[in-house]
């Protein structure tokens with residue numbers, strides 16, 4: 002007749018099986034942590050790219066607005082004395098006015114994005130029969146397939 006196993010032998014057998022279960026649980030936990038870290042890094046990279054595009058679009062819009070300011074009131078004022086919105090496009094001889102969006106694009110970080118420059122007269126003194134200033138507005142889109150854009154405007158007077 003065999004003697005009952007000693008307590009020490011039972012403990013060893015239990016530890017061998019528990020070690021395998023512990024390794025499986027640790028592997029599963031590590032896999033979950035790695036997947037979550039990868040998703041976080043991917044999301045962070047996307048957010049950094051959007052912020053970079055937004056900053057670049059802001060720089061383009063600011064540059065365009067400064068070009069309009071440098072050109073002066075007479076060079077950018079609308080051709081008719083009305084509150085009609087006109088689109089501006091830079092040319093070699095100055096600024097070209099049109100009633101429709103010319104579809105101007107800028108190259109930003111390897112992609113084309115639309116830039117829209119508009120001007121219109123604004124009556125700031127409220128009711129006088131004169132057009133006091135011109136509102137110049139620059140809109141630069143910075144995300145493809147989404148409506149995100151940067152808008153800057155300034156009022157320019159004679």
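Numbering (the working numbering), first residue to last: 2 to 159.
Virtual Cβ for every residue (Gly too), placed ideally from N, Cα, C.
On a predicted model such as this, the values are computed, not experimentally measured, just so you know.
Leaving out the 5 sequence neighbours to the left and right, which residues in its chain are closer than 6 Å to residue 152 when beta-carbon positions are compared? Once the five neighbours on either side are set aside, the close Cβ partners of residue 152 are 140.
Would you please state the rounded distance, in angstroms, between the beta carbons of residue 112 and residue 65? I believe it to be under 8 Å. In fact, because the Cβ distance is near 18 Å, the residues do not count as touching under 8 Å.
So does residue 36 have its beta carbon nearer than 7 Å to some heavy atom of the ligand COA? Among the components modelled here there is no ligand, and therefore nothing to report on the ligand COA.
Which residues does DSSP pair with residue 109 in a beta bridge? 112
Flag this pair as yes or no: are the beta carbons of residue 58 and residue 109 separated by less than 8 Å? yes
Taking only three categories from DSSP, how would you classify residue 68? helix
Residue environment, residue 41, which counts as buried when at least 16 other CB atoms sit within 10 Å: exposed
In whole angstroms, give me the CA-to-CA distance for residue 85 and residue 60. Rounded to whole angstroms, residue 85 to residue 60 spans 27 Å at the Cα level.
Tell me residue 21's beta-bridge partners as DSSP assigns them. The bridge partners DSSP lists for residue 21 come to none.
Span of the beta strand (DSSP E), counted from its first residue to its last, around residue 158: If you look at residue 158, you'll find it isn't in any beta strand (DSSP E); DSSP assigns it neither H nor E.
Which one or two residues does DSSP pair with residue 122 in a beta bridge? 135
Under 8 Å, do residue 89 and residue 77 count as touching if we go by C-beta distance? yes
Of the listed residues 150, 138, 159, 122, nearest to residue 67 (C-alpha basis): 138
Between residue 39 and residue 114, what straight-line distance do the alpha-carbon atoms span, to the nearest angstrom? 30 Å
Three-state class that DSSP yields for residue 95 in the structure shown: In the structure shown, residue 95 sits in a strand (DSSP, three-state: E or B).
On a Cα-Cα basis, can you pick out the residue from 135, 156, 142 that is closest to residue 56? 142
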